[in-house]
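Written below as structure tokens is the structure these notes are about.
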Amino acid sequence: MSHTSDMSESAHRFAVIGGDGRMIYLAERLAEEGFLVNLFGCGMDCLSRSEEKNGNREMHICTTWQKAMEDITALILPLPVTCDGHTVCCPRDPECIVTLEQVSEYMTHHPQVILFGGKLPEMLANNMRWRTVDYYESPLLQLRNAYVTAEAALMTAMELIDRTIRDTSFAVLGYGRIGKCLSRLLCAMGGTVTVCARREEPLLEAATEGCHPLLITEKDSMNGLHPLCRDHTVLFNTVPERILTRSFLLHLERDTLLIDLASSPFGACDGDVRDATAQNGLRYLRAPSLPGSYAPYNAGRMIAERVLDTLASEESTLDYFGKGGKNL
């Protein structure tokens, strides 16, 4: 799908800052449309694949934050924008430091630039002085991202267990988008799946999908999760809360694999995980943002399409009312 004709008069120039492999494929998708893209904090090797494939001249690595921000119309930050609450996530180039304060100051002086980001922190999102778009608020993007996460989680588990999916009992904690996609994938491959949730309604839905329902409660030190301590080889947590208590972790069957897909603060604290690992051989893997490592091509291009759709929609609105709002 080409968006160039929709934005032919806008001549957008983008700065893509930080992030994992998704941001490289996002930038490549924008460059395919003929837009110029400056990259910073994405790794110095981020253009090698693109240049080998396309001889791409629209993507440029910048050595400074200031250079990347010259003459742009849109700034794109990663998903999530920040992992520590202070700086933009730059896992591919940790030496590149861009603070949220720097982004805020830049936007204050360049309010005409559109700021895109995934899970934008409050200091950037709730500011009436500039235009912000949290692309992760798109329900369609969230659904697509959930499927990629579920597929990646399944592949991760398959690499770490010594049996087939059909011969394995799984538990999925949480039945939101990711929990639903993951449970359906596991059931489709013949796995035995227990779904844990706090409300009866999602558990009824899970039961219709062929899963065993288990209600998460707060009635005891294990939140009602006692049945998971035995005969469950792999546990997937999707709930971003400390629902995996110390008592629960210490009672898990030996060598249980626990894959934590939740974002911060995750499902368990580090100290409890260490103790359970020492006592019962718990194998704990914290795996947020799996799409960025498992399928960055798909995940990055999904974000790019969201950005392009947003810009095309704004251009259409301007065309309808008149450039610069002159016909309002």
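If you count the sequence shown from 1, position 262 lands on 885 in the numbering used here, and the numbers rise without skipping.
Where a beta carbon is used, it is the ideal one built from N, C-alpha and C, also for glycine.
G813 is bridged by DSSP to nothing; it lacks a bridge partner. If you look at I699, you'll find it in the beta strand (DSSP E) that goes A697 to I699.
In this structure, DSSP gives N846 a state outside helix and strand, which the three-state scheme calls coil. Residue burial is scored here from C-beta neighbours: D883 has at least 16 other C-beta atoms within 10 angstroms and is therefore classed as buried. The shortest C-alpha to C-alpha distance from S912 to any of A748, A829 and T861 is the one to T861. In this structure, the beta-carbon distance from G642 to P717 does not fall below 7 Å.
Exposure of H732 is indicated by the presence of fewer than 16 other C-beta atoms within 10 angstroms of its C-beta.
Under the Cβ criterion (8 Å, minimum of three pairs), the stretch 773-784 does not count as touching the stretch 732-750. Per DSSP, the continuous beta strand (DSSP E) segment holding N661 begins and ends at L659 to F663. Around the C-beta of P914, 16 or more other C-beta atoms lie within 10 Å, and the residue is accordingly described as buried. Taking the Cα positions, R807 is about 24 Å away from L875. P836 places its beta carbon 7 Å or farther from that of Y798. Separation of the CB atoms of Y758 and R929 is rounded to 4 Å, and the pair is thereby assigned contact status at 8 Å.
Annotation for F793: the continuous beta strand (DSSP E) segment containing it runs S792 to L796. The three-state secondary structure of D893, taken from DSSP, is helix.
Remark: C-beta atoms of G664 and I640 approach each other more closely than 7 Å. The distance from the Cβ of T879 to that of S844 is about 18 Å, inconsistent with a contact at the 8 Å cut-off.
Counting along the chain, L766 sits inside the alpha helix (DSSP H) bounded by residues P762 to L783.
Out of T791, P703 and E937, the CA that lies nearest to the CA of G923 is found in P703.
Excluding five sequence positions before and after Q902, the CB atoms of its chain that fall closer than 8 Å to its own CB belong to L873, given in chain order.
Under DSSP, the beta-bridge partners assigned to Y907 are L881. Cβ atoms of V896 and L908 stay farther apart than 8 Å, at about 10 Å. Taking 7 Å as the cut-off, the Cβ atoms of L659 and E681 count as close. Going by DSSP, P914 is part of the alpha helix (DSSP H) stretching over L913 to Y917.
Checking the DSSP bridge columns, you'll see G740 partnered with D757.
Shown here, C819 sits in a strand according to DSSP, grouped into three states. For K690, the number of other beta carbons within 10 angstroms of its own is below 16, and it is reported as exposed.
For a cut-off of 8 Å, the C-beta gap from A773 to I801 is around 6 Å, short enough to register as a contact.
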